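In the order they appear, the protein sequences are chains H and C.
If you're matching positions, the first sequence starts at 3 in our numbering and goes up one per residue.
If you're matching positions, the second sequence starts at 20 in our numbering and goes up one per residue.
Don't be surprised by glycine CBs; every beta carbon is placed ideally from N, CA and C.
Here the structure is a predicted model, which means the values were calculated and not measured.
Step one of this worksheet: look at the structure below.
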Amino acid sequence: MADGIGHRAGPSTPAAYFVLLVGAVLATSVLVFFSLGFHPVNRAETIEARQAECSTAFDAHAAELARDGTLDEPGQQEALTAELRSCMRPVYATPLAAVGAGLGLLMVVALALYLTHSWWIVRRDRSRRLKPHLVPGLTEELAQLSHDIGLARALEWRLVPHGGAPSGQAFGLPGRRRVHLDAGLLVLRATDRPAFRAVVAHELAHLRNRDVDLTYLTISIWRAFLLVAVLPTVLLFATARGGTWRTPLDALTDHARTLCALVALGCSVYLLRNAVLRARERHADAAAASVGGVGTALSAILERLPPPRRWLDRWGTHPLPADRLRAIRDPTSLIRPSHWDLIVTGLPAGVLAANLSPVVGGALGLDPTLGMALLGLLIGAWLGAQLASAVWREAVAGSDARRRFPFWLASVMALSGSFLMGTQVSLTGLLGSDDDAVSTLVAGLLLTIAAVPLAAWADSAARAASAAATGGIESAGTARADGISRPGPVPRWAFPAIVATAALATGTALAIWLPYSRVRFGFSLGWGPRPADGEGWYAALGMLTTADLGPADRLVHNPLTLPALAALSLVPTVVLWSAGHRSAVQRAVLLGLGGGLGAAVVGALLPVVAPTALPVDVRQALPEPAEMGFGAVIDNATIAAGSVLVAVMMAVVVAGRGPGRPALALLAATVATLASTGAIWWVAGPVRCLTGVGLCRGALDVDGMSRTAHWVFVQGLLVAVPLVLAAAVVALRRRMAGGAPAQSDDAPTVTGHPAQWPGRLGLVMLLVVIAVVVWGTRTAAYDLWLRGSLD
Amino acid sequence: MRPEADRSLLLDLARPVVDRYSPGEQELFALLSEAHFADPGAYAKPERRSGPLAFGVPEVLVLLTPVALAAMTEAVRYVVELGMRKGHRVTSDALRRLFRGGRSQPKEAAPVELTAQEWAEVRRIVERVALRGGVAPDQAALIADAVVGQGRLSGEAR
Numbered sequence: 003m004a005d006g007i008g009h010r011a012g013p014s015t016p017a018a019y020f021v022l023l024v025g026a027v028l029a030t031s032v033l034v035f036f037s038l039g040f041h042p043v044n045r046a047e048t049i050e051a052r053q054a055e056c057s058t059a060f061d062a063h064a065a066e067l068a069r070d071g072t073l074d075e076p077g078q079q080e081a082l083t084a085e086l087r088s089c090m091r092p093v094y095a096t097p098l099a100a101v102g103a104g105l106g107l108l109m110v111v112a113l114a115l116y117l118t119h120s121w122w123i124v125r126r127d128r129s130r131r132l133k134p135h136l137v138p139g140l141t142e143e144l145a146q147l148s149h150d151i152g153l154a155r156a157l158e159w160r161l162v163p164h165g166g167a168p169s170g171q172a173f174g175l176p177g178r179r180r181v182h183l184d185a186g187l188l189v190l191r192a193t194d195r196p197a198f199r200a201v202v203a204h205e206l207a208h209l210r211n212r213d214v215d216l217t218y219l220t221i222s223i224w225r226a227f228l229l230v231a232v233l234p235t236v237l238l239f240a241t242a243r244g245g246t247w248r249t250p251l252d253a254l255t256d257h258a259r260t261l262c263a264l265v266a267l268g269c270s271v272y273l274l275r276n277a278v279l280r281a282r283e284r285h286a287d288a289a290a291a292s293v294g295g296v297g298t299a300l301s302a303i304l305e306r307l308p309p310p311r312r313w314l315d316r317w318g319t320h321p322l323p324a325d326r327l328r329a330i331r332d333p334t335s336l337i338r339p340s341h342w343d344l345i346v347t348g349l350p351a352g353v354l355a356a357n358l359s360p361v362v363g364g365a366l367g368l369d370p371t372l373g374m375a376l377l378g379l380l381i382g383a384w385l386g387a388q389l390a391s392a393v394w395r396e397a398v399a400g401s402d403a404r405r406r407f408p409f410w411l412a413s414v415m416a417l418s419g420s421f422l423m424g425t426q427v428s429l430t431g432l433l434g435s436d437d438d439a440v441s442t443l444v445a446g447l448l449l450t451i452a453a454v455p456l457a458a459w460a461d462s463a464a465r466a467a468s469a470a471a472t473g474g475i476e477s478a479g480t481a482r483a484d485g486i487s488r489p490g491p492v493p494r495w496a497f498p499a500i501v502a503t504a505a506l507a508t509g510t511a512l513a514i515w516l517p518y519s520r521v522r523f524g525f526s527l528g529w530g531p532r533p534a535d536g537e538g539w540y541a542a543l544g545m546l547t548t549a550d551l552g553p554a555d556r557l558v559h560n561p562l563t564l565p566a567l568a569a570l571s572l573v574p575t576v577v578l579w580s581a582g583h584r585s586a587v588q589r590a591v592l593l594g595l596g597g598g599l600g601a602a603v604v605g606a607l608l609p610v611v612a613p614t615a616l617p618v619d620v621r622q623a624l625p626e627p628a629e630m631g632f633g634a635v636i637d638n639a640t641i642a643a644g645s646v647l648v649a650v651m652m653a654v655v656v657a658g659r660g661p662g663r664p665a666l667a668l669l670a671a672t673v674a675t676l677a678s679t680g681a682i683w684w685v686a687g688p689v690r691c692l693t694g695v696g697l698c699r700g701a702l703d704v705d706g707m708s709r710t711a712h713w714v715f716v717q718g719l720l721v722a723v724p725l726v727l728a729a730a731v732v733a734l735r736r737r738m739a740g741g742a743p744a745q746s747d748d749a750p751t752v753t754g755h756p757a758q759w760p761g762r763l764g765l766v767m768l769l770v771v772i773a774v775v776v777w778g779t780r781t782a783a784y785d786l787w788l789r790g791s792l793d
Numbered sequence: 020m021r022p023e024a025d026r027s028l029l030l031d032l033a034r035p036v037v038d039r040y041s042p043g044e045q046e047l048f049a050l051l052s053e054a055h056f057a058d059p060g061a062y063a064k065p066e067r068r069s070g071p072l073a074f075g076v077p078e079v080l081v082l083l084t085p086v087a088l089a090a091m092t093e094a095v096r097y098v099v100e101l102g103m104r105k106g107h108r109v110t111s112d113a114l115r116r117l118f119r120g121g122r123s124q125p126k127e128a129a130p131v132e133l134t135a136q137e138w139a140e141v142r143r144i145v146e147r148v149a150l151r152g153g154v155a156p157d158q159a160a161l162i163a164d165a166v167v168g169q170g171r172l173s174g175e176a177r
């Protein structure tokens, strides 16, 4: 029965596909309407002419200010930049208006088609309301079937007298659901009652599953998309030059990339439409089979359905008979995602990112980098949510063990691969692209590598929630019998919280990745400044601990970094905690505190020990403008030590045993980051002050502490990549060697009826500290993102 | 007379065919007849339901009521035209008696008689219409035989 999977909090597959469909339609439509908004013939010329005009005005104004000697006054250059952006803004006004009008029209048409579908189907089939006593016993039988399948509201049965096929169809608007029964179906009732009941139950299952709105909205959106977005584009391509009809070859050669983008997106939309329609059929089969006596007849009908005639039929509007039978026999297959889901997610997102990133800043009157970052934030959130959703569904379906390659890992490949492919199919070729193959490759690799831990995290969190819900952890059942541990159902917030967390984290990351991916060698790293008179290990230490981390710098001055980290660590931790895995959580917290303690020790020792290892002239050397003094080197080395400890603690957690290690590693990192920051400011700081190494600072400089915390974490994250990878390999080898998780590590460890308050208190304290640290980064974030530079 | 004008005649002639070959339609006969008279050509356009949320058994099921009505319409038209060519006035009662026997026919109704060849033509008409309506060939032949009546056929009709 379909209800067998209903207890697991999560989305239904048709709903997930529908969300994807809406996303693909929006992406394609935005691209189409934006493209239409520019005059197709002189799009590039229009932009270039305006750019030249604005640049001339900009240069003239700058020269005037330079003559007056006011060019370097505070705020003057920002005002100039704002003036330039304002000058370019009209170029984008028409396309933006076209996007707004186009999307509005598309929605109106889709809504109109949806609202009229019921009227149209009745008119097309010439159906009439089924009279109560037309066929003896029929009304009662239909009412009983409706009751059995769980429909509370009455519906309107209609007979299609011209319909000879023994079939039915559900449709209708909310509050007025209808089912068409073909006359042939009533004839079937006389000869094969179980088959009649199976067909009717299937249609009723559509109503129970709320498929009607989803289905007819899907169809309406598709038709509106063809009518409003595709048709004008085709006409435009055909008539682009002087309003005359052109050959398809002309259009292809002139607009190959645009056409590729549109065809790829159109295919995505079409495939998603069919995926929605297929998914809800399988759900209806499973639900109908749950009605007494229907399952066997339904299976018999499905077994008699003809096999697909063409290979392409598997992507059609109806699922293969074998898939439908599987849905009845194994309802968990209904929520199982496929990698195609992620491919059709990534492709439109990539196309959208590539096409809008060059223009979004100017269109919104913002700094180009900030515009791209906002676009990346939105697209990243979308991608992260979809990845987490797919991984969650696969994890709760519990079929990953049967796969040779972990689903979550393959998901990363599918999503990032399709996204990167989408970025290559874009209009930017027409607008002028500065793409570089090596830079693109590096950017793509970084994106893929960054997505791997996110997918692992989502898989781990979902499995933890699923195991907690079903009591699937072997020892939990025993513990429950003893009254020791009580795993409950998956909290209803678990799925949305995990998806929202993934969205926040991915959005934050892509907001940084996207602008730098557009720059040649945007992800290059570099050594930091050399210490004054520094040589050998001292110079290396100074240059390493102040290394230019490239785009990672944007994570430091970013108000979303720590909230994302906190959510990544705390959401699954709460699930683990409530599932009884409290010792694992406590161990991660202790490891984090241990990292802070280590930072305190290093921070206290460095100002004392370092002077003994360096000659006095080196320590007292005055730095040139591009150099650092001894105090700055010690400062940075202390922060770097905190970062290394953060990475080590993450690796220790990953190398250990027990569930939820990705989340617990991040919890350890969060605690270690905050503890190290406290240690650096309240232990190492006073020692440096007392020993005369570096400046004496106030104990509660929130801005400074926030910056330190961010540097500790961001550097720690980079150092953690190889360490955590090595730890994961160690853990994997141990598992493959047959080392089953130790019972004491894996089992819920709550005894008796523990008080909840220590955990809640700890959670609240952690959130308060994180909030304070995030507040402290507001100035730097404003300077970097909104003003475009740091003072 | 135009056969479409006398629906009760057609219903009387088609009903026994439906009762015999598709008993499942007995309860729907009135409804299906009404639908047939509203769109007499629909029987020849059998369609499998498709589209969103549609579901049914894969086997083809042909509604016999509209097919029988269409067949009887054609057969009656042929007989009426034949009678007119012979100079007879063909009434509904005469047709009833022709196709269903004379058990309850009024005595004043003029008799209509067909030769063996003409019965064979009636049979061909019924069979052709049934095939056009999607009826399987074997069943179409049986229906045609039932309409004409085995006793009225001479050896060369088949």
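Exercise. May I have the straight-line CA-CA distance separating H/A286 from H/L422, to the nearest angstrom?
Key: Residue numbering aside, residue 286 of chain H sits at position 284 when the first sequence is read from its first letter. Residue numbering aside, residue 422 of chain H sits at position 420 when the first sequence is read from its first letter. Cα-Cα distance, rounded: 36 Å.
Quiz item: Any beta-carbon of chain H closer than 8 Å to the one on C/L29?
Solution: Sequence index remark: in the second sequence, residue 29 of chain C carries index 10 (1-based). Not one chain H Cβ lies under 8 Å of C/L29.
Self-check item: Contacts around H/G633, its chain only, beta-carbon distance under 6 Å, and the 5 residues preceding and following it disregarded
Solution: Here residue 633 of chain H corresponds to residue number 631 of the first sequence, with the count starting at 1. Exclusion of the five residues before and after H/G633 leaves V695, G696 as the residues of its chain whose Cβ lies within less than 6 Å of its Cβ.
Exercise. At 4 residues or longer, and completely inside the segment 92-162 of chain H: list those alpha helix (DSSP H) runs for me, N to C.
Key: 140-151
Quiz item: Could you give the uninterrupted runs of the alpha helix (DSSP H) lying entirely in the segment 495-529 of chain H, keeping only those of 4 residues or more?
Solution: 496-519
Self-check item: contact_flag[the segment 625-640 of chain H, the segment 549-560 of chain H] where n(CB pairs < 8 Å) is 3 or more
Solution: Contact fails: fewer than three Cβ-Cβ distances are below 8 Å.
Practice problem: Report buried or exposed for H/V766, applying the criterion of at least 16 other Cβ atoms within 10 angstroms of its Cβ. | Solution: Here residue 766 of chain H is taken as the residue at index 764 of the first sequence, counted from 1. Per the 10 Å Cβ criterion, exposed.
Practice problem: For the segment 149-179 of chain H, enumerate the residues whose C-beta is nearer than 9 Å to any C-beta of chain C, in chain order. | Solution: Under the 9 Å Cβ criterion, the segment 149-179 of chain H contributes L161, V162, P163, H164, G165, G166, A167, P168, S169, G170, Q171, A172, F173.
Exercise. Within 10 angstroms of the Cβ of H/G754, are there 16 or more other Cβ atoms? Answer buried if so, exposed if not.
Key: Numbered from 1 along the first sequence, position 752 holds the residue referred to as residue 754 of chain H. Confidence is the limiting factor: at H/G754 the pLDDT is only 46, short of 50, which leaves the residue's position unreliable, though a coordinate-based value still follows. By the 10 Å Cβ count, H/G754 comes out exposed.
Practice problem: Leaving aside the five residues before and after H/L788 along the sequence, list all residues of the same chain whose C-beta is less than 6 Å from its C-beta, in chain order. | Solution: What you label residue 788 of chain H is simply residue 786 of the first sequence in a count that begins at 1. Closer than 6 Å at Cβ, skipping near neighbours: no residue.
Quiz item: Is the shortest distance between the beta-carbon of H/D369 and the beta-carbons of chain C less than 8 Å?
Solution: Within the first sequence, numbered from 1, the residue matching residue 369 of chain H stands at position 367. Cβ-Cβ to chain C under 8 Å: no for H/D369.
Practice problem: Answer with buried or exposed for H/Q171, where buried requires no fewer than 16 other C-beta atoms within 10 angstroms of its C-beta. | Solution: Taking the first residue of the first sequence as 1, we reach residue 171 of chain H at position 169. Label assigned to H/Q171: buried.
Self-check item: Reduced DSSP secondary structure (H/G/I, E/B, other) of H/H63
Solution: As a position in the first sequence, residue 63 of chain H is number 61, starting the count at 1. If DSSP states are grouped into helix, strand and coil, H/H63 belongs with the helices.
Quiz item: For the beta strand (DSSP E) that contains H/Q171, what are its first and last residues?
Solution: Here residue 171 of chain H refers to the residue found at position 169 of the first sequence. Taken as a continuous stretch (DSSP letters only), the beta strand (DSSP E) holding H/Q171 covers 169-175.
Self-check item: Paired residues, beta bridge with H/E629 - DSSP
Solution: The count along the first sequence starts at 1 and reaches residue 629 of chain H at position 627. For H/E629, which the question treats as bridged, DSSP gives the partners H/R532.
Quiz item: What does C/E46 touch in chain H if you count any residue whose Cβ is under 9 Å from its own?
Solution: The count along the second sequence starts at 1 and reaches residue 46 of chain C at position 27. Within 9 Å Cβ-Cβ: L136, V137, P138, L140, L188, A192.
Self-check item: Among H/P553, H/G761, H/E142, nearest to H/V576 - alpha-carbon criterion
Solution: Sequence index remark: in the first sequence, residue 576 of chain H carries index 574 (1-based). Ranking H/P553, H/G761, H/E142 by Cα distance to H/V576 puts H/G761 first.
Quiz item: Quick one, which of H/L161, H/F198, H/T118 has its alpha-carbon nearest H/L175's?
Solution: Stepping through the first sequence from its first residue, residue 175 of chain H is reached at position 173. It is H/T118.
Quiz item: In chain H, what lies closer than 7 Å to C/P71 by C-beta?
Solution: Locating residue 71 of chain C in the second sequence gives position 52, where the first residue counts as 1. Per Cβ cutoff of 7 Å: T217, Y218, I221, L279.
Quiz item: Taking the alpha carbon of H/A1 as the point to measure from, which residue in H/G764, H/T672, H/C89 has its own alpha carbon closest?
Solution: Chain H is shown only over 3 to 793; residue 1 of chain H falls outside these bounds and no answer can be derived.
Practice problem: State buried or exposed for H/F36, treating a residue as buried only when at least 16 other CB atoms are found within 10 Å of its CB. | Solution: Position 34 of the first sequence, counted from the first residue, corresponds to residue 36 of chain H. Under this definition H/F36 is a buried residue.
Self-check item: Rounded separation between H/L98 and H/W777 - CA only
Solution: Reading the first sequence from its first residue, position 96 is the one you call residue 98 of chain H. Reading the first sequence from its first residue, position 775 is the one you call residue 777 of chain H. Roughly 34 Å separates the two Cα atoms.
Exercise. Spell out whether any CB of chain H is found under 8 Å from the CB atom of C/P90.
Key: Here residue 90 of chain C refers to the residue found at position 71 of the second sequence. It should be noted that the sequence gives Ala, not Pro, for residue 90 of chain C. No - not a single Cβ of chain H is within 8 Å of the one on C/A90.
Exercise. May I ask you to list, following chain order, the residues of the segment 307-329 of chain H that have a beta carbon less than 8 Å from some beta carbon of chain C?
Key: Within the segment 307-329 of chain H, the residues whose Cβ lies closer than 8 Å to some Cβ of chain C are L307, P308, T319, listed in chain order.
Practice problem: Examine chain H for any beta-carbon lying closer than 8 Å to the beta-carbon of C/L82, and answer yes or no. | Solution: By one-based count along the second sequence, residue 82 of chain C stands at place 63. Closer than 8 Å: yes.
Quiz item: Listing by chain order, which chain C residues have their CB less than 8 Å from the CB of H/E205?
Solution: Counting from one through the first sequence, the residue named residue 205 of chain H turns up at place 203. Within chain C, the residues near H/E205 are L72, F74.
Quiz item: Just reading off the alpha helix (DSSP H) that C/A61 is part of, what are its end residues?
Solution: The sequence position of residue 61 of chain C within the second sequence is 42, counting from 1. Neither: C/A61 is in no alpha helix (DSSP H) and is coded neither H nor E.
Quiz prompt | H/L86 versus H/I772 - alpha carbon distance | solution = Residue 86 of chain H sits at position 84 when you count from the first residue of the first sequence. Residue 772 of chain H sits at position 770 when you count from the first residue of the first sequence. Using only the alpha carbons, I get a separation of about 38 Å.
Quiz item: Mind checking whether H/V454 and H/V393 have CB atoms under 8 Å apart?
Solution: In the first sequence, residue 454 of chain H corresponds to position 452, counting from 1. In the first sequence, residue 393 of chain H corresponds to position 391, counting from 1. Against a cut-off of 8 Å, the Cβ pair of H/V393 and H/V454 comes out as no contact.
Quiz item: Is the Cβ of C/L161 closer than 8 Å to any Cβ of chain H?
Solution: Along the second sequence, read from residue 1 onward, the residue named residue 161 of chain C stands at position 142. No, C/L161 does not count as interfacial toward chain H.
Self-check item: Distance cut-off 7 Å: H/P370 Cβ against heavy atoms of the ligand ZN
Solution: Questions concerning the ligand ZN fall outside what the structure shown contains, since it holds no ligand whatsoever.
Quiz item: Below 8 Å, can you find three or more Cβ-Cβ pairs linking the segment 659-670 of chain H to the segment 574-589 of chain H?
Solution: yes
Quiz item: CB-CB under 6 Å to H/R199, same chain, minus the five flanking residues each way: which ones, in chain order?
Solution: Against the first sequence, residue 199 of chain H aligns to sequence position 197. Here the set comprises V296.
Quiz item: How would you write the range of the beta strand (DSSP E) that H/L183 sits in, first residue to last?
Solution: Working through the first sequence from its first residue, we reach residue 183 of chain H at position 181. Boundaries of the beta strand (DSSP E) harbouring H/L183: 178-184, taken from the DSSP string.
Self-check item: Buried or exposed (CB count within 10 angstroms, at least 16 for buried), H/L385
Solution: Walking along the first sequence from the start, residue 385 of chain H turns up at place 383. H/L385 comes out buried.
Quiz item: Got a sec? Which residues, its chain only, sit under 7 Å from H/R52 by beta carbon, not counting five neighbours each side?
Solution: Residue numbering aside, residue 52 of chain H sits at position 50 when the first sequence is read from its first letter. For H/R52, where only same-chain residues beyond five positions count, the Cβ hits under 7 Å are M90, V93.
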